[in-house]
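Scroll down for the structure; my scribbles are underneath it.
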Amino acid sequence: MVQNLFYFLSFLAVLSALMVILSKNPIHSVLYLILTFFTLSGHYILLNAQFLSIVNLIVYAGAIMVLFLFTIMFLNLKDDSFTGSRLFFHLGSGLVVFTLAGLIILKVATAPIAVADDAHFDSQIGMVENLGKVLYSKFLVPFELVSVLFLSAMVGAVMLGRREKGEKNF
Amino acid sequence: MNPLYLFVSPLVAAVLSWLAGKNGNLQKALTVLVFVGSLAVLYTWKQAAFVDASISLPWIHSFGIYLALAANPINFWFLVLTAIVVFAAQMYHSSKEEGAVRGDVMAMIFLLQVFLFGVFMAQDLMLFYFCYEATILPIYYISSRYGSPAAERATIKFFLYTLFGSLFMLLGILYMYNSTGAENFLISSFNPYYFSGSVQGWLFLAFFIAFAIKMPLFPFHSWQADVYAESPVESTMLMSGILLKMGVFGMLTIVIPLFPQGLKDYGYIFIGLSAFGVLYGALVAMVQYDIRKVLAYSSLSHVGLIGAGLLAYSDVALEGVVLQMFAHGVNIAGLFFVSEIIAKQTGTRDLDLMGGFTRASFGLTVLFFVFLLGSIAVPLTNGFPGEFKLLMGIFEYNIYLGILCGSTVILSSVYMLRLFQKTMLGKESGDYILSFQGVGAFRTVGLSLLVALVLLFGLFPGIISGVADTAVRTLLTAY
Amino acid sequence: MQALTNRSKRVSNKKLSLGERLYLPAVVGGLGITLKHFFKKKVTIQYPEEQRPMSEVYRGLHVLKRDEQGRERCTACGLCAVACPAEAISMTAAERQPGEENLYREEKYAAVYEINMLRCIFCGLCEEACPKSAIYLQSDKLAPSFYSRADVIYGKDRLVQSMETIKTAKSLKSGLTTSDRYVDKVWKNGKY
Amino acid sequence: MNQIPEIFRVIPVNNFVILAVVLFSIGILGVLTRRNAIIIFMSVELMLNAVNLLFVTFSSYKSDPTGQVFVFFIMAIAAAEVAVGLAIIVMIYRRIRSTDVSLLNNLKG
Amino acid sequence: MELYLFLAKGTIILLIFGITLLIATYSTYAERKVAGFIQDRLGPNRAGPWGIWQPLADAGKMFFKQDFIPARASKWLFIAGPSLAMLTACLTSCVIPFGDTLDLSFLGIEKPVAIQGIDVNIGILYVFGLVSLGVYGVMIGGWASNNKFSLLGAIRAASQNISYELAMSLSIIAIIMITGSLSVSEIIKDQDTFFKWNIFRQPVGFIIFIICAFAECNRTPFDLPECETELIGGYHTEYSSMKLGFYLFAEYINMFVSSAVISALYFGGYHFPGESIVAGLLPEGALGHNLMTLIGVGAFFGKILFFIFFFMWVRWTIARFRYDQLMNLGWKSLIPLAIANILVTGAVLLALPEIKGYISSL
Amino acid sequence: MLTITFLSLLGLVLLFLGFAGKVGLVKNLAALGVLASLGILLFANQDALVPAGMETQLLFDANSLKFSALILGFSVCIVMMSRSLVKKENVQAAEFLSVMIFSLVGALMLTAFTHMITLFVGLEILGISLYILAGTLKDSPSSNEAALKYLLMGAFATCLVLFGMAMLYGATGSLDFKEIAAVGNQSVDSVLFKLGIFFLLIGVLFKVSAAPFHFWSPDVYEGSPSIVMLYMSVVVKIASFAALFRIFGGYFHHLSYFWWGIVYYGCIASLLVGNLLALVQKSIKRQLAFSSISHTGYLLFAILVVNNEAIAGGLVFYLFAYGSALLVAFSVMNSWFESSENYQLDQLKGAAKADPVGATVLALSFLSMAGIPLTGGFFAKISMFAPAMGDGLYHLLIVGIVSSVIGAAYYFKPIMNVWFSTEEATIENATDMKWVAMVGGLVILITGLFPDTLTSILAMI
């Protein structure tokens, strides 16, 4: 049951991820990416990380991708097609990446990876209480510093995105 | 007397001459003052047998570099030559016509003098390297700024060439420092026993390439002719007269005492090349039409001889090296000096367009001829004893090489006399000769001084060898 | 400027106070008003079942009257057409033939009488103009809606009063509409 | 309470890692082959998500919350990055009326 | 007895789903009825007594209208838009506890069964997740229509939703801080007495939340995405037939869910004043408990219906905002206010034990 | 930690002052504030505000203090110089400066992280701020392009770093560098560990723009406003090298069998690529961009040598020498040209006639970058070469020397144009703050003649 679910989600994830980069229409790409995020959220639930799974949805699907969709609609982008002159480049990079990925996968497939045993296993780690405790005690400083990042990003996004006086285009 | 004096006085002079700007008289005064002062200091040292002539101050702790300077019998004549050639160059410049004198050129030459003194007196390898590299900058400045339009390209070539070589030297220095576990870079803290044979070989190559490019020895010479031809003559005089002696000096004080094994292992290759360079330089000089290039290739030929002598690794040869380098420095500076006067007057450097200069100034002809003779190494001129000893040393090393190098005796007279004939004799090709105003008093005195040196050391080579020979021999026998 | 009356409200651009800028009190007030209306009596008239009482002087659909004997009163004099501001009325006159006396009251009658209901503005001027009291606008009948342009033109077939109403009418006036009565009452009396 | 759930026993951790690697490579491929800046950026997001999956996987299998906290950070920062990134893309679009990176040739050596 | 549990749970889920749909359906009716009443009218009253079959008639009409897809539209997305809107709307209600637990031990189910789809410990986040996804339906539909007005409507919807989502979640955080749980049922359990209802503890948060809820549902005064005067129909300009119906329906479902969330978060959910008195009147044991639960469910639905009414009430009271006003309100007022609210709440939470200690020491 | 807090608050204050319209105050306060933060860094206990027992994931040890001091010191100058950008172009002072100051927070984090989370957050704070700064000139297409390219490549690199981190996490079950390093010893055979180190390294090399992962940097450098380019090649370079050094020169130093080869070839490639491509450039900014790649190569020496403790000082020295030279060069060129953001080599022709002081200082700074004696750059190179020599990295050193020569070739181009060109000067105005330029030149000379002054100052930190 769980296995089938895993394989189904994985299949869907890979398929939609592929479609992200293969779709000609950026809107379709966005939608496929959202689908990928959903499957990943599914995986997180499988992995007992409920909090992250829902945060993944809220942040990625709910905020980031909306922003993407928003921008694409805003810019009214046309289809982006693969041109012949770059075909070799595409094929080449595809080949290289897949070879490398294949090698890594072959290596990883059989690699022994240490996992927790019964005695050390704690099914509650993915729960929000637990994560919150870790986040607000051990990682408080980086967490606070992320706010600097946000402030900076906010200022920057406003600064760059703002239309200047006299600019005609939207 | 503190060796720092030799550092400080040109430095002060540099600042002063920068400030003096285009005031020719002030510049002349500075020139003479520094020249006389330097010679006086050197003389006192020699009289005191170099007892107090050393200093060692910690300079850069973090790298273990000392400001270690010392005058000694080996570098004494290099220092003297520095003073003389710098004097010659500055004399040329400061006595130029009104308005052509430049404060920055004078300052740069003085600065160069500082670094040259630094190179020759350095007892610390890093200090040596530091000054060795730094000498390029003033020369580069003068040549690029005041040379012909093609000079920029030529000087950058020169610059990169020498930088390339000296960086290998830097590597060598760093290697020595690291491999011996020395806490400092003092030359005295290294000796050849630290380095195994193969290491010595590598180190020899690293240092040799730096010095060979500087001199330049045959395969590394390709920067030379262009730079000599395109630079202002002051910088040509300095380069040919003294800068290339840094290479000789380096070979003498670093390569020969520290890497005797390396020299033995690889020297034979380069001695062959140098000897070939002697022939090559001479042959090329014979067919040149640019007066500077003739001198440039003659310099290549002579330096090839010096290089071969250095690599021959025998006491006779080394004594010859010291003699010859001094002679060559004086002669080539004088030759460039005079030839530039001629070229300025005729308005060209093309030998075919010159001729008959004798009619303009007989005195200058004589001066020129004496320098020529010195350069050809006619007996009783300063070129002779050095060349003789060098050839002796090379014959000892290998007879065929000796013969090859010996060709210089004949060939140099060929191209030098061709030069003389084309410039001084023959039919004048214009009325420029009649308008010749004479050399001027200051230049006359200066040139006479140089000529006097040519003759003095031709007649009494013992002045030099008396100071240097024993010291040079110890280089071979110290280890 | 001096206000002429004290009814006009002076507009001021003063800054809103904090309380006002919150808008919440105003919103709550608004909610109160709407809630009040929520419980108010509804004004809806459920039309087919309930009908709004018509005014006595309502000007509805036209009718061409007959007299007590059932004869058409119209003599095709054309005054109505002249009076019509919308030029909705047109007619063709014809002479009464012998034997038709029971059909037409006068010797001349309207062979064709048409009103274009799209043009008609129901102003009632035709009624006023008619010297024979032949045309009236009924107060209880509305002009129906149309589904085709052909329906728009009302001919005599649809305008002339039907005979049944004559029979039940007690008098000239009783067979008429409220409008008729009103007009008679107000100022047509003097004309006879 | 501390019993390992079924999934951790029946699915080896390697499967998740492989899935993440595959997604990551797809992301790289997207970055390399596409010319539309927005799609490149989306591929980067895909890569980030692959990384997130890795972290969550390891975190869960190793029963260590740090990994999940890290994912939380990545998500937060990715959001900021996207905000700035899209602002830049919009800026570019205003300039060249396209988001095609191959049209960006002002700067060439 | 797993089977019974499954059946019971399934029944509850189906029931919730059914009620959701039912309420949403009748919201359309209620909307028109309320509109009529507020405007001194009667509202629909033809289909059946008081017009109660009106929604069915509407649905029938929707089904049988021509299903039109614009020629240059992106076909699949055009269909996906309303479906997504509907899907996200429907999924939300499953974490809302409509009542306390039922004691079904007579069926052999030992554990009390909550009247709730699923009780996840991150329930409120789940709601937010789905609410934030709701915007996709609008955006995709608007974009796929290949119509400028639709696109503008969609973009407005997106930016509006994103903007107000922030303030909404921030206002919730204060509640989460008080309760210490993300689970909706925990939050409701925490408000067991009347004066512990969060409306009293978080009045500012409530106001922010309800304003945001209006914006999230695209209800007047924030119905900019579909404002007829500027954008014809906004994102659903090109839609017809049941696809349009889905959009409209989704809006009403959202309204229902919003009302439910508001009631749950701020108005004590299934708790009602005088609970203990009622409980005292009921018999002991399972029956009493179940009855109590059902009364609670009734109370909850009462609240929900009130808020649905409130939504409509506001709709017919307040005029539509201008777009810049909407954004200014969201970004410049609500978000700072929400943050301030969090800060104040935090400060009070920190200070409360001190104050209590001080008072008790007196 | 204290400095970081101070800087964050400073940025915030500047932002609000900017909203209030007090631009003049913002400009002054920014420089003063960064200076103050330098003071705080040097003289205050960094953990003063941290409650006892709290983990901050940041550790300001001697090295990080040095790097941080360098970062802040240079930043003071750059913030002061950026007044001209703000003056010239249509740039909002408050936003620009506050983003720059926020990026400093990231830079400081990169010098002091002990945990991958702080590393990552630092990288991103710095990175995102830089994407913004690169795009500051909204009217300039190249600036836009630079921002986009930087963004895409930066984000991509971040992904690689993260992938590496994830793999390391998988291999060791920890994200703390100390713990990873401790476990690392036993995981010689672990695929995940190898992959982790590999991707982490590749990602960081991307960030420091080492060849062959350098291709974004010339475009980005050239397109950015020159102040930002200066900032990137000075402050950001210091920060990213501090990070690289902290990871691979510090925590993972004993695991060099995993990563040494990559860095080695990356170093060689950077040296060659940077220098060779710089040779053919016509724009100074682009030339300096490529030269920055080559300097990355020299700096990578520090990662490669065994004695990482000893070379830390050298690394700091190199960064100081390079940074000060670049800073001086830019301050001169900045004052020479009123508007142009893209200095071409030809524009410099004959500048010495118009402004000899500026020209001298400019020449000095380029000499320093070339590593010619008399300037700080020389000892900087020595301090990289000497330890490498000690480790016997002869091939690397030879490449280093060859590339130094090539480097000298192109560093002399501007000098030649400035000093030796006979053409009339095209520069628009002479150095306005001569004393600043002269101080800069003096600093270069002093570091060249008496490097001990610098090393002893650094030793005090």
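Protein chains in written order, with this note's numbering: chain S, 4 to 173; chain V, 202 to 680; chain L, 27 to 218; chain A, 530 to 638; chain U, 5 to 366; chain E, 78 to 538. For every residue, glycine included, the Cβ atom is placed at its ideal position computed from N, Cα and C.
Identity of the residue in the options nearest residue i by Cα
i: residue 205(E); options: 247(E), 237(E), 182(E), 489(E); result: 182(E)
i: residue 138(U); options: 312(U), 255(U), 362(U), 318(U); result: 255(U)
i: residue 224(V); options: 304(V), 249(V), 261(V), 208(V); result: 304(V)
Any C-beta of chain U under 7 Å from that of residue i
i: residue 62(S); result: no
i: residue 101(L); result: no
i: residue 76(S); result: yes
i: residue 57(S); result: yes
Test: residue i CB closer than 7 Å to a CB of chain S
i: residue 153(U); result: no
i: residue 97(U); result: no
i: residue 331(U); result: no
i: residue 542(A); result: yes
Residues near residue i by beta carbon distance below 7 Å, same chain, minus five either side
i: residue 200(V); result: Because chain V here runs from 202 to 680, residue 200(V) falls outside it and cannot be looked at.
i: residue 134(E); result: 190, 191, 192, 194, 195
i: residue 360(V); result: 337, 341
Own chain partners of residue i with C-beta closer than 6 Å, once the 5 adjacent residues on each side are dropped
i: residue 166(S); result: none
i: residue 17(U); result: 121
i: residue 48(S); result: 56
i: residue 268(V); result: 258, 260
i: residue 274(E); result: 335, 336
i: residue 100(E); result: 170
Cβ of residue i within 7 Å of any chain V Cβ
i: residue 530(E); result: no
Interface flag, residue i vs chain E, CB-CB below 7 Å
i: residue 583(A); result: yes
i: residue 111(S); result: yes
i: residue 379(V); result: yes
Residue i at chain L interface by Cβ criterion, 7 Å
i: residue 212(U); result: no
Contact set for residue i: own chain, Cβ-Cβ below 8 Å, skip 5 residues either direction
i: residue 563(A); result: 569, 572
Cβ of residue i within 7 Å of any chain A Cβ
i: residue 224(E); result: yes
i: residue 601(E); result: Since the first and last residues shown for chain E are 78 and 538, residue 601(E) lies out of range.
(request) Please determine if the segment 105–124 of chain S and the segment 591–610 of chain A are in contact, where contact requires at least 3 C-beta pairs separated by less than 8 Å. (result) yes
(request) Jot down the residue ranges of each uninterrupted beta strand (DSSP E) in the segment 160–195 of chain L, minimum 3 residues, whole runs only, in chain order. (result) Counting only runs of 3 or more, we get 161–163.
(request) Take every Cβ of the segment 453–462 of chain V, pair it with every Cβ of the segment 396–416 of chain V, and state whether three or more of those distances are shorter than 8 Å. (result) yes
(request) Return the chain-ordered ranges of every alpha helix (DSSP H) run that is complete within the segment 185–255 of chain U and spans a minimum of 4 residues. (result) 188–193, 202–205, 207–220, 232–235
(message) Tell me whether the segment 100–117 of chain U and the segment 162–178 of chain U touch, counting them as touching only if at least three CB pairs, one residue from each stretch, are closer than 8 Å.
(response) no
(message) Which runs of the beta strand (DSSP E) at least 3 residues long sit entirely within the segment 126–152 of chain L? Give them in chain order.
(response) Runs of the beta strand (DSSP E) lying entirely within the segment 126–152 of chain L, each at least 3 residues long, are 134–142 in chain order.
(message) Could you tell me which whole alpha helix (DSSP H) segments of length 4 or greater appear in the segment 316–377 of chain V?
(response) 326–335, 337–347
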